[in-house]
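Numbering (UniProt numbering), first residue to last: 1 to 715.
To start, the structure under review is shown below, and the notes come after it.
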Amino acid sequence: MAINPISIAHFAETQLQLLLREHEAEVSSSTLASTAASVSPSTRRKLQATGYALTGLVLSQCRTGMGGRVVGEFVPDPAIVSKREDGAADGQPRLGSHGIRVGDVVRVNDVSAGGKRVGKDKDMDKDGKDNKGAEGVVTRTGDRAIWIAFGSRGGGGRSKEEDEAIEELWGKKLWAVKLANDVTYRRMRQTMEKMVKMTEADHTHFMRVAFGHMTPLQPDHDATGPIEFMDPTLNDSQKDAIRFALASKDISLIHGPPGTGKTHTLIELIMQFVQQKKRVLVCGPSNVSVDNIVERLAPKKVPVVRIGHPARLLPSVLEHSLEVLTQTSDAGNIVKDVRKEIDTKQASIRKTKSGRERRAIYDDLKQLRKEFRERESKCVDNLVRESSVVLATLHGAGGHQLKNQRFDVVIIDEASQALEAQCWISLLSADKVVLAGDHLQLPPTVKSTNLKSKDGNEKADKPNETADKEILKGVSLERTLFDRLLSLHGPSIKSMLTTQYRMHEQIMRFPSDELYESKLMAAESVKARLLVDLPYEVDGTDDTQEPLVFWDTQGGDFPEQADDKEIGNKEALLGESKSNEMEAMVVARHVEKLIDTGLKPEDIAVITPYNGQLALLSQMLREKYPGLELGSVDGFQGREKEAVVVSLVRSNAEHEVGFLGEKRRLNVAMTRPKRHLCICGDSETISRGSSFLKHWMDYLEENADLRYPDAGDLL
Numbered sequence: 001m002a003i004n005p006i007s008i009a010h011f012a013e014t015q016l017q018l019l020l021r022e023h024e025a026e027v028s029s030s031t032l033a034s035t036a037a038s039v040s041p042s043t044r045r046k047l048q049a050t051g052y053a054l055t056g057l058v059l060s061q062c063r064t065g066m067g068g069r070v071v072g073e074f075v076p077d078p079a080i081v082s083k084r085e086d087g088a089a090d091g092q093p094r095l096g097s098h099g100i101r102v103g104d105v106v107r108v109n110d111v112s113a114g115g116k117r118v119g120k121d122k123d124m125d126k127d128g129k130d131n132k133g134a135e136g137v138v139t140r141t142g143d144r145a146i147w148i149a150f151g152s153r154g155g156g157g158r159s160k161e162e163d164e165a166i167e168e169l170w171g172k173k174l175w176a177v178k179l180a181n182d183v184t185y186r187r188m189r190q191t192m193e194k195m196v197k198m199t200e201a202d203h204t205h206f207m208r209v210a211f212g213h214m215t216p217l218q219p220d221h222d223a224t225g226p227i228e229f230m231d232p233t234l235n236d237s238q239k240d241a242i243r244f245a246l247a248s249k250d251i252s253l254i255h256g257p258p259g260t261g262k263t264h265t266l267i268e269l270i271m272q273f274v275q276q277k278k279r280v281l282v283c284g285p286s287n288v289s290v291d292n293i294v295e296r297l298a299p300k301k302v303p304v305v306r307i308g309h310p311a312r313l314l315p316s317v318l319e320h321s322l323e324v325l326t327q328t329s330d331a332g333n334i335v336k337d338v339r340k341e342i343d344t345k346q347a348s349i350r351k352t353k354s355g356r357e358r359r360a361i362y363d364d365l366k367q368l369r370k371e372f373r374e375r376e377s378k379c380v381d382n383l384v385r386e387s388s389v390v391l392a393t394l395h396g397a398g399g400h401q402l403k404n405q406r407f408d409v410v411i412i413d414e415a416s417q418a419l420e421a422q423c424w425i426s427l428l429s430a431d432k433v434v435l436a437g438d439h440l441q442l443p444p445t446v447k448s449t450n451l452k453s454k455d456g457n458e459k460a461d462k463p464n465e466t467a468d469k470e471i472l473k474g475v476s477l478e479r480t481l482f483d484r485l486l487s488l489h490g491p492s493i494k495s496m497l498t499t500q501y502r503m504h505e506q507i508m509r510f511p512s513d514e515l516y517e518s519k520l521m522a523a524e525s526v527k528a529r530l531l532v533d534l535p536y537e538v539d540g541t542d543d544t545q546e547p548l549v550f551w552d553t554q555g556g557d558f559p560e561q562a563d564d565k566e567i568g569n570k571e572a573l574l575g576e577s578k579s580n581e582m583e584a585m586v587v588a589r590h591v592e593k594l595i596d597t598g599l600k601p602e603d604i605a606v607i608t609p610y611n612g613q614l615a616l617l618s619q620m621l622r623e624k625y626p627g628l629e630l631g632s633v634d635g636f637q638g639r640e641k642e643a644v645v646v647s648l649v650r651s652n653a654e655h656e657v658g659f660l661g662e663k664r665r666l667n668v669a670m671t672r673p674k675r676h677l678c679i680c681g682d683s684e685t686i687s688r689g690s691s692f693l694k695h696w697m698d699y700l701e702e703n704a705d706l707r708y709p710d711a712g713d714l715l
């Protein structure tokens, strides 16, 4: 195939311009969120429902974390958070459902202060940045608490003002709001700037392949010899993908459609590389994607180090995190005593009334933290150097812990959900690369594209088209490295996993035929399983014995609404904010019927592409069924549940489908369930949106249990 080489410097310059635009969009939306969040409690609750905020918090304790930073533990305010109604044995209050994740940058504010700064009444720092509240990075989230490390954004220690701001959070009613993550953008920008400055002599073989200046080298199967697989449960397509990646000289893509055991395959591949005495760096775009691998590698007794903060609290994950290793390993002894001294000093601040004494303690803390960081840096360097497998998020791979470290192989999981500039943080010096993902599911969210599109319609397929033609044709943030390499070099660099272990065959059939060339097969263990077959008692009904249900709301009695009243028509905040109240009632009724059969609420997810609908469904269902998961389609990527109910929302005389025009979004929606998929939507509107949507409606009409709701019964 003919390959058109791309100028590496020109590509990086284009990325820099697109990243600048994206960062501006993210900053403006987070500013909007934090401004809107100070308006009223009801608006803050809506922000929580749409993933921007977490309300009803109090600070319960502080400790010293990595880099001498203060890590605050925030728990639900018992005065305002109702206790769970599903019989939690200890009756402890839990956090409400929210969209704040590990790695998010947040600002913690005092509710009574509105949007004002906690601590000094000083709204701008020396760089002119908004400096209200105490800012930090989420390091862990749980049912009952969220942990935030303060002073983490700019690296280094905290200022005295920051220390005072954190101290003033004690005893206050608090809420947290998401901010733009400067660290990720800074690292992507630095990486692209390096690529711009590189001479041709600086380009690695892999870089030349990645930009079409060379074709990939032929895989050398002879060099790898016969492979003894360690995992006896691997299927043939998984074994083929592993053989292919081991034999590859420079690049291999592992294409893992939903439920095909992509991570399972990567674990075996990592073990094979370790057996070959190769040093492996494993990255992913999110903490969850990386922790998932740590969790499965941990029992294999391979020396591994997890850079950054693990999202889960499983001991098997924690014992490999740098945070714990710097406290428990022999190397970690050199920092223990300083950490203890910092904690003691920190605790003494609250006992001191004198301003002079407090200032003296802050000065001592500054010196102690400097010493702590120096000792910790030596400790970290030793730990990383001795590890066969190092794991980090993509932007974490640009941290000081990996400076001057060399790896034989770089593996990027969920590569089709990562911005290409993010991938290059870990790839600039790579020789051999394995990318795993599914380019037929959603790419990373790009806000600068969505802001340009009035309706979020099919523009997602051609992001920033006009602007990019002036810069470098075909380059956009939504086009991932996985996608670009596949179109550049063709299927010869790809191996696809074909047996899926998640979905009932009837749920799987449509995405397999339409998107995966009919290659997906359902494993025997899942192909016919239904809700009624769950290992606890569920009544056999029309719902629990049906894998696929379609509530067709055609006829005009279930119209959509533009839901933009509550936050002053600020569509940028809630995305393309549509809702459909009548359809939400159909969803709620279906959920109630499922739960009435004995199905546990925590085995059900309700998802929708629209934040406006999500807020509406939350009002109807969250309090009644605290264990039920409600979320956006985009946020549910990579997840699964026994039963999934999807609300499509769109129903209008113009037959506009908006976000539903993106087939990758629909692919995510329809491939989340294991045993039961219920779709609620207007076939009349949706079937006119695209040929893909028409085929889907036709499939549902022929293969689903087709139902027509009566609007009169719902009111």
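Even glycine gets a Cβ: it sits at the ideal position worked out from N, Cα and C.
Since the model is a prediction, treat every value here as computed from it, not as a measurement.
At the C-beta level, Leu59 and Leu174 come within 8 Å of one another.
In the three-state DSSP reduction, Ser512 falls in the helix class (H, G or I). Around the beta carbon of Gly261, 16 or more other beta carbons sit within 10 angstroms, so the residue counts as buried. Judged by DSSP in its simplified three-state form, Ala523 adopts coil rather than helix or strand. With contacts defined by Cβ atoms closer than 8 Å, Arg650 and Ile595 do not form a contacting pair. CA-to-CA, the gap between Ile507 and Thr499 works out to about 14 Å.
Leu666 has its alpha-carbon roughly 9 Å from the corresponding atom of Pro511. Residue pairing by DSSP places Trp175 opposite Asn109 in a beta bridge. Within the DSSP secondary-structure output, Glu73 pairs in a beta bridge with Gln61 and Trp147. In its chain, beyond the 5 residues on either side, Ala49 and Leu630 have a beta carbon closer than 6 Å to the beta carbon of Ser618.
Contact check for Gly256 and Leu497: beta-carbon distance about 5 Å, within the 8 Å limit, so the pair qualifies. Three or more Cβ pairs drawn from the segment 184-200 and the segment 424-437 lie within less than 8 Å of each other, which places the two stretches in contact.
Between the C-alpha atoms of Phe558 and Ala711 there is a straight-line separation of about 7 Å. DSSP assignment within the segment 361-410 yields no whole alpha helix (DSSP H) run of 4 residues or more. Assigned with DSSP and collapsed to three states, His203 falls in coil, not helix or strand. At a Cβ-Cβ threshold of 8 Å, Val633 and Pro601 do not count as neighbours. Inter-segment contact for the segment 366-376 and the segment 273-292 is absent: fewer than three beta-carbon pairs are separated by less than 8 Å.
Remark: fewer than three beta-carbon pairs, one from each stretch, lie closer than 8 Å, so the segment 528-538 and the segment 264-274 are not flagged as touching. Inclusion of Leu628 and Val587 in the CB contact set at 8 Å is not warranted, their separation being larger than that value. Linking Ile267 to Lys239 through their CA atoms gives a straight-line distance of about 12 Å. If you ignore the 5 residues before and after Glu514, its C-beta comes within less than 7 Å of the C-beta of Phe692 and His695, all in its own chain and listed in chain order. Counting of Cβ neighbours within 10 angstroms places Asp231 among the exposed residues, the total staying below 16.
Less than 8 Å divides the Cβ of Glu642 from the Cβ of Asp603. Taking a C-beta distance under 8 Å as the contact criterion, Val196 and Glu13 qualify as a contact pair. The beta-bridge partner set that DSSP reports for Gln500 consists of Ala522.
Minimum Cα-Cα distance from Thr445 among the listed residues Ala25, Gln545 and Ile3 corresponds to Ala25. From the listed residues Met214, Pro78, Ala53 and Ala430, the smallest Cα separation to Arg144 is found for Pro78. Nearest in C-alpha terms to Ile146, of all of Glu386, Glu546, Gln61 and Arg675, is Gln61. A check of alpha carbon separations from Asp202 across Pro626, Ser429, Thr328 and Ile148 identifies Ser429 as the nearest. As DSSP reads the structure, Trp551 sits in a beta bridge with Cys680 and Arg707. 8 Å or more divides the Cβ of Phe150 from the Cβ of Gly56.
Between the segment 205-225 and the segment 244-259 there are three or more inter-stretch CB-CB distances shorter than 8 Å, so the stretches are counted as touching. Secondary structure at Gly142: coil, using DSSP grouped into helix, strand and coil.
Beta-bridge partners of Gly631 (DSSP): Ile607. Within its own chain, the residues whose Cβ lies closer than 6 Å to the Cβ of Glu684, once the five positions on either side in sequence are excluded, are Gln554, listed in chain order. By a beta-carbon distance limit of 8 Å, Val389 contacts Val304. Their separation comes to about 4 Å.
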